[in-house]
């Protein structure tokens with residue numbers, strides 16, 4: 004289970020010393036970003052790729068914390084065939 008944190012700043016404070024993952028869904032318009040660290044998660048949808056908060060989130064995930072980017076999610080039991 005993941006507890007969804009509503010505010011980015013609160014999630015960033017919690018995640019500062021944890022290994023994390025992030026995922027970007029969509030492109031150009033209606034971009035959704037998801038980030039998780041420990042038992043906490045953050046989800047936010049953006050209407051364009053130049054939103055300042057989106058830029059801040061990606062900077063945190065990619066540069067400050069080196070979160071791993073998730074491309075796709077697959078259930079454990081179907082991962083190996």
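In the numbering used here, the protein residues as written are 4 to 84.
Even glycine gets a Cβ: it sits at the ideal position worked out from N, Cα and C.
Excluding the 5 residues preceding and the 5 following residue i in the sequence, name in chain order all residues of the same chain whose CB lies nearer than 6 Å to its CB.
{"i": "residue 49", "result": "34 and 57"}
{"i": "residue 26", "result": "37 and 73"}
Less than 8 Å between the CB atoms is what I'm expecting for residue i and residue j, so what's the real figure, rounded?
{"i": "residue 64", "j": "residue 43", "result": "That belief does not hold up - the Cβ atoms of residue 64 and residue 43 are roughly 14 Å apart, past 8 Å."}
Checking the sheet assignment: what are the DSSP bridge partners for residue i?
{"i": "residue 33", "result": "According to DSSP, residue 33 bridges with nothing at all."}
{"i": "residue 48", "result": "35"}
Residue i by DSSP, collapsed to three states: which one?
{"i": "residue 82", "result": "helix"}
{"i": "residue 10", "result": "coil"}
{"i": "residue 65", "result": "helix"}
{"i": "residue 42", "result": "coil"}
Taking 8 Å as the cut-off, decide whether the C-beta atoms of residue i and residue j are in contact.
{"i": "residue 29", "j": "residue 70", "result": "no"}
{"i": "residue 46", "j": "residue 11", "result": "no"}
If I measure Cβ to Cβ from residue i and keep anything under 8 Å in the same chain, skipping five residues before and after, which residues do I get?
{"i": "residue 5", "result": "39, 42, 43 and 44"}
{"i": "residue 17", "result": "8, 40, 41 and 43"}
{"i": "residue 31", "result": "51 and 52"}
Beta-carbon within less than 7 Å of residue i's beta-carbon, same chain only, minus the 5 sequence neighbours each way: which residues are those?
{"i": "residue 1", "result": "In this structure the chain extends from 4 to 84, so residue 1 is not present and cannot be described."}
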